[in-house]
DNA sequence: GTCTACATTGCACATATTGCAACGCTAGCG
DNA sequence: CGCTAGCGTTGCAATATGTGCAATGTAGAC
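Chains as they are written, first to last, in my numbering: chain V, 11 to 276; chain R, 11 to 276.
This is the structure:
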């Protein structure tokens, strides 16, 4: 497509993983060293990579700056940051914040648990998360306008990652109904068998669900029931963030209206 | 140097600022639309940019992911995050965390004040900060081993940004001595006349200063004295973070040893 | 000192990138 | 309804651009 740009991207990627010497860079691209040098020089001039004292190249501040610019424009992240950290501290589990961006659901913040399980979680801010095999994905999906939901699901090829994955339209729809009834979602090892999550929706000022917050643990640390015991605190966090975004919860209807399948918060 | 890569970088930059249509992209580069299209397609395949529903291009999650990878490797950021946010909440000023990376001092976290001054602060995570005209810069500089300090300063061309800037080696050295005596630094509008800061050092497990935390306000919000009234809380935050990094403060010597010019914490 | 390993520069070549022109699509409008 | 204007997209030929080579510079090991 665009060879030199591809090569540049490749070098950026590699340099983000570990420091790259020129010879190394030339090797991974399969090009002459002089070629690699000129690519790296160009990237360096934009501060996309940086030369260390040892002469190796690592990711530069220019890129970080750009990505902060993009993330920073998300008010949500700002408003949520403190709440997420409080939630992490009080539950001691890893906390995620994910948002629908285009056709993908992206982690836009993550607060690691200091416990050792953190290293095993593959999630990362900026990375996309499965839309149908994650608690945050299903939560956002559940509250999406149906035509939008159909659009997203039309691209999806269902993959049965584990025994608990909702890997077809029918069972997924049933799950989404349950989520709307509860007002929250779980992930019972649906993507990775040993990873458990509970998630709750975040709404903007129009009442539209735009994101979800979740707590995660691997099963040896906490099973799904133990995780679920944090639900009140999780829902409280989600509602606090929603409120800061300008969401005013509708008056709670009298308790005797259970025939409305939608969440009482809707 | 490498034309197409430069163009790609330019488009990444622009797309981070605001959504870019294809024709717009071609215009800013001064190239044909087909050329711009192919560059954008290449970037899109790496998720460096993303197509919106409207057909415009915005910054993609691939970049964010990369930068998280680089920032995430900095334990410091993780450990500090919650403390910084608490400090912001309690002082109501903007909080910065900066770290020496290569030859530059880079902001690696920032917690905006909800007050209106936030928009006027040009600082941004990933961006370099002046090494001699900022509170965090001077703090880190003050505690650097002298040969390392000389190396950094040898590149520097002094610029007298404002009337208070320490714009020559001599006055800067005197300031650094003061900082070591105090254990903290101020920025009395030394880069931007109306921006005030107070900063404190963060140490790693070897006792080496590797970063600094600061609180910032514009003068109409708080003058330097008002800002300085938050010193106890700021120092406490810096020490907490140091402790989490494994720093064990040396036993405080008996009060009667003032002849040691270095900080008592050293 | 010599050797090796690595980064860097100048130059000739050819290949990847470019601009062009033609096409398809959608939306607006007479 | 059909016309036009604006935008994105594709195929192709020309050449500017990026490439590899060979020579040079530099630093460290022995």
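We put the CB at the ideal spot given by N, CA and C, even for glycine.
All values reported here derive from a predicted model rather than from experimental measurement.
Taking the straight line between their C-alpha atoms, what separation do you get for residue i and residue j?
| i | j | result |
| --- | --- | --- |
| residue 39 (chain R) | residue 25 (chain R) | 13 angstroms |
| residue 155 (chain V) | residue 107 (chain V) | 21 angstroms |
| residue 86 (chain R) | residue 96 (chain R) | 16 angstroms |
| residue 50 (chain V) | residue 64 (chain R) | 34 angstroms |
| residue 153 (chain R) | residue 159 (chain R) | 9 angstroms |
| residue 78 (chain V) | residue 120 (chain R) | 10 angstroms |
| residue 271 (chain V) | residue 195 (chain V) | Bear in mind that the predicted position of residue 271 (chain V) carries a pLDDT of just 43, short of 50, making it unreliable; the figure below should be weighed with that in mind. If I take the Cα positions, the gap works out to 15 angstroms. |
| residue 109 (chain R) | residue 220 (chain R) | 6 angstroms |
| residue 134 (chain R) | residue 174 (chain V) | 43 angstroms |
| residue 92 (chain R) | residue 167 (chain R) | 36 angstroms |
| residue 298 (chain V) | residue 258 (chain V) | With chain V covering 11 to 276 only, the question about residue 298 (chain V) has no answer from this structure. |
| residue 244 (chain V) | residue 224 (chain V) | 7 angstroms |
| residue 57 (chain V) | residue 72 (chain V) | 5 angstroms |
| residue 200 (chain V) | residue 131 (chain V) | 14 angstroms |
| residue 151 (chain V) | residue 209 (chain V) | 12 angstroms |
| residue 171 (chain V) | residue 144 (chain V) | 11 angstroms |
| residue 147 (chain R) | residue 184 (chain R) | 15 angstroms |
| residue 13 (chain V) | residue 163 (chain V) | 33 angstroms |
| residue 47 (chain V) | residue 27 (chain R) | 29 angstroms |
| residue 215 (chain R) | residue 255 (chain R) | 6 angstroms |
| residue 241 (chain R) | residue 186 (chain R) | 18 angstroms |
| residue 36 (chain V) | residue 203 (chain V) | 40 angstroms |
| residue 193 (chain V) | residue 141 (chain V) | 17 angstroms |
| residue 18 (chain R) | residue 191 (chain V) | 47 angstroms |
| residue 211 (chain V) | residue 260 (chain V) | 15 angstroms |
| residue 6 (chain V) | residue 238 (chain V) | One cannot answer for residue 6 (chain V) here, as it falls past the ends of chain V, which runs 11 to 276. |
| residue 233 (chain V) | residue 217 (chain R) | 40 angstroms |
| residue 139 (chain R) | residue 75 (chain V) | 12 angstroms |
| residue 111 (chain V) | residue 80 (chain V) | 12 angstroms |
| residue 236 (chain V) | residue 52 (chain V) | 52 angstroms |
Starting from residue i, follow its DSSP beta bridges and name the residues at the other end.
| i | result |
| --- | --- |
| residue 198 (chain R) | R:206 |
| residue 76 (chain V) | DSSP lists no partner for residue 76 (chain V). |
| residue 116 (chain V) | V:109 and V:138 |
| residue 186 (chain V) | Residue 186 (chain V) is not bridged to any residue. |
| residue 71 (chain V) | The partner list for residue 71 (chain V) (beta bridge, DSSP) is empty, contrary to what the question assumes. |
| residue 247 (chain R) | Answer by DSSP bridge pairing: none, since residue 247 (chain R) is not bridged. |
| residue 213 (chain V) | V:219 |
| residue 224 (chain V) | V:106 and V:209 |
| residue 60 (chain R) | R:68 |
| residue 30 (chain R) | R:67 |
In chain R, which residues lie less than 7 angstroms from residue i when you measure between Cβ atoms?
| i | result |
| --- | --- |
| residue 52 (chain V) | 11, 12, 15 and 16 |
| residue 77 (chain V) | 73, 74 and 77 |
| residue 122 (chain V) | 88 |
| residue 26 (chain V) | 76, 79 and 80 |
Report all residues from its chain with a CB closer than 8 angstroms to the CB of residue i; omit the five preceding and five following residues, and keep chain order.
| i | result |
| --- | --- |
| residue 54 (chain V) | 60, 61, 67 and 70 |
| residue 137 (chain R) | 116 and 117 |
| residue 84 (chain V) | 109 and 118 |
| residue 29 (chain V) | 62, 64, 66, 67 and 68 |
| residue 248 (chain V) | 210, 211, 212, 222 and 223 |
Please compile the residues from chain V whose C-beta is within a distance smaller than 9 angstroms of the C-beta of residue i.
| i | result |
| --- | --- |
| residue 19 (chain R) | 18, 52, 53, 55, 56, 58 and 72 |
| residue 99 (chain R) | 92 |
| residue 40 (chain R) | Result: empty, since nearest Cβ-Cβ is about 17 angstroms, beyond 9 angstroms. |
Quick one: residues in its chain with C-beta nearer than 7 angstroms to the C-beta of residue i, no 5 flanking neighbours on either side, listed in chain order?
| i | result |
| --- | --- |
| residue 33 (chain V) | 43 |
| residue 253 (chain V) | none |
| residue 189 (chain R) | 148, 149, 152 and 195 |
List, in order along the chain, the chain R residues whose C-beta lies closer than 8 angstroms to that of residue i?
| i | result |
| --- | --- |
| residue 220 (chain V) | In chain order: nothing, as chain R lies at least about 15 angstroms away. |
| residue 245 (chain V) | Neighbours of residue 245 (chain V) on chain R: none; closest Cβ ~21 angstroms, over 8 angstroms. |
| residue 112 (chain V) | 60, 61, 62 and 63 |
| residue 22 (chain V) | 76 |
Applying a beta-carbon distance threshold of less than 8 angstroms, which residues of chain V neighbour residue i?
| i | result |
| --- | --- |
| residue 104 (chain R) | Within 8 angstroms Cβ-Cβ: nothing; residue 104 (chain R) doesn't reach chain V, min ~12 angstroms. |
| residue 95 (chain R) | 91, 92 and 95 |
| residue 81 (chain R) | 74 |
| residue 69 (chain R) | 76, 77, 79 and 80 |
| residue 136 (chain R) | 71, 72, 73, 74, 75, 76, 77 and 78 |
| residue 116 (chain R) | 71 and 74 |
With a threshold of 6 angstroms on Cβ separation, who are the neighbours of residue i within its own chain once the five nearest residues in sequence on each side are excluded?
| i | result |
| --- | --- |
| residue 31 (chain V) | 66 |
| residue 213 (chain R) | 219, 252 and 257 |
| residue 90 (chain V) | 107 and 251 |
| residue 207 (chain V) | 145, 197, 224 and 226 |
| residue 105 (chain R) | 94, 97, 98, 121 and 225 |
- Pairing CB atoms from the region 213–230 of chain V with CB atoms from the region 169–180 of chain V, are three or more of them under 8 angstroms? no
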